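Asker: Numbered by UniProt numbering, the letters in the sequence shown go through residues 1 to 151 in order. Quick reminder that beta carbons are idealized off the backbone N, C-alpha and C, glycines included. Nothing here was measured: the structure is a model prediction, and the numbers come from that model. My structure is below; once you've seen it, I'll send some questions.
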Amino acid sequence: MADYWNHNTAYHPWLVSLAARHRGDVLDVGCGDGLLAQRLAPVSRSVVGIDPDAAAVHRARTRLAAMENSSVVEAGFADYPSARFDLITFVASLHHLELRPSLLRARRDVAAARRARGGGLEREYDCARMALVGSVPSRGARGIVAASGKT
Numbered sequence: 001m002a003d004y005w006n007h008n009t010a011y012h013p014w015l016v017s018l019a020a021r022h023r024g025d026v027l028d029v030g031c032g033d034g035l036l037a038q039r040l041a042p043v044s045r046s047v048v049g050i051d052p053d054a055a056a057v058h059r060a061r062t063r064l065a066a067m068e069n070s071s072v073v074e075a076g077f078a079d080y081p082s083a084r085f086d087l088i089t090f091v092a093s094l095h096h097l098e099l100r101p102s103l104l105r106a107r108r109d110v111a112a113a114r115r116a117r118g119g120g121l122e123r124e125y126d127c128a129r130m131a132l133v134g135s136v137p138s139r140g141a142r143g144i145v146a147a148s149g150k151t
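Written out as structure tokens, the structure reads:
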């Protein structure tokens, strides 16, 4: 992952390490060109990237064409149907969404996945601990689940 860096890719190693612990299903919200999804795929059961931008979706589909466990859907998070995911990522996308409803929905989707596998939520992250303070308002998101874990 050292071959390319920007303020978004700085989160990739941490997110890949979370995904590697679960080896589960991942939703990458605002997947853009699919770089994070490409990095998550080898350590995940499945990766779904969603993005409302048609050009970004085309680039992501091209990037992920050889990855059988990955798919890309042209949709925003609010339009994408709820499903069970072990990890939901919002790198450089959360500030485009209605914060509280989006994080509450993510919490429900992650909790449903963990319950289905006989586990629970590992911990609840607040935005400050996730180093998102600079990119999203954290007051409204404190105590909302952003990632899941094995129990």
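1) Which runs of the beta strand (DSSP E) spanning at least 3 residues fall entirely within the stretch 19-58, listed in chain order?
2) Name the residue from Gly-30, Ser-46, Tyr-4 whose alpha carbon lies nearest to the alpha carbon of His-22.
3) Which partner residues does Thr-89 have in the DSSP bridge list?
4) In its own chain, which residues sit with a C-beta less than 7 Å from the C-beta of Asp-33, not counting the 5 before and 5 after it?
5) Below 7 Å between beta carbons: does that hold for Gly-24 and Ala-37?
6) State the Cα-Cα distance for the pair residue 152 and Ala-65, rounded to the nearest angstrom.
7) Can you list, in chain order, the residues of its chain whose CB lies under 6 Å from that of Leu-27, leaving out five sequence neighbours each side?
8) What would DSSP say about Ser-102, mapped onto helix, strand or coil?
9) If the criterion is Cβ atoms closer than 7 Å, does the pair Asp-53 and Ser-82 meet it?
10) Among residues of its own chain, excluding the 5 on either side of Tyr-4, which ones have a beta-carbon nearer than 6 Å to its beta-carbon?
11) According to DSSP, which residues form a beta bridge with Glu-74?
12) With 16 other CB atoms within 10 Å as the buried threshold, where does Asp-79 fall?
13) When you compare only the Cα positions, how much space is there between Leu-103 and Gly-76?
14) Rounded to whole angstroms, what's the CA-CA distance from Pro-101 to Ala-113? Just pull it up for me.
15) Check Ser-82 in the structure and name its three-state DSSP category.
Answerer: In short:
1) 25-29, 46-51
2) The residue given as residue 22 occupies position 22 in the sequence shown. The shortest Cα separation from His-22 among Gly-30, Ser-46, Tyr-4 belongs to Ser-46.
3) By 1-based counting over the sequence shown, the position of residue 89 is 89. Beta-bridge pairing links Thr-89 to Asp-28.
4) For this step, residue 33 is matched to residue 33 along the sequence shown. Taken in chain order, the residues that qualify are Ala-56, Arg-59, Ala-60, Arg-63.
5) As a working mapping, residue 24 is identified with position 24 in the sequence shown. As a working mapping, residue 37 is identified with position 37 in the sequence shown. Not a contact, by the Cβ cut-off of 7 Å.
6) Since the first residue shown for the chain is 1 and the last is 151, residue 152 is missing from the structure and cannot be characterised.
7) On the sequence shown, position 27 is the one that residue 27 refers to. Spatial neighbours of Leu-27 in its own chain (CB-CB distance under 6 Å, excluding positions within 5 residues in sequence) are listed in chain order as Val-48, Phe-85, Ile-88.
8) Sequence index remark: in the sequence shown, residue 102 carries index 102 (1-based). DSSP places Ser-102 in helix when its eight states are reduced to three.
9) Position 53 of the sequence shown, counted from the first residue, corresponds to residue 53. Position 82 of the sequence shown, counted from the first residue, corresponds to residue 82. Not closer than 7 Å, so no.
10) Working through the sequence shown from its first residue, we reach residue 4 at position 4. Counting only Cβ-Cβ distances below 6 Å, and skipping sequence neighbours, we find nothing.
11) Walking along the sequence shown from the start, residue 74 turns up at place 74. In DSSP, Glu-74 forms a bridge with Asp-51.
12) Taking the first residue of the sequence shown as 1, we reach residue 79 at position 79. Exposed, because fewer than 16 other Cβ atoms sit within 10 Å of the Cβ of Asp-79.
13) Start at 1 with the first residue of the sequence shown, and residue 103 comes out as number 103. Start at 1 with the first residue of the sequence shown, and residue 76 comes out as number 76. Whole-angstrom Cα-Cα distance: 14 Å.
14) Along the sequence shown, read from residue 1 onward, the residue named residue 101 stands at position 101. Along the sequence shown, read from residue 1 onward, the residue named residue 113 stands at position 113. Approximately 19 Å between the Cα atoms of the pair.
15) Along the sequence shown, read from residue 1 onward, the residue named residue 82 stands at position 82. Note: Ser-82 maps to coil in three-state DSSP.
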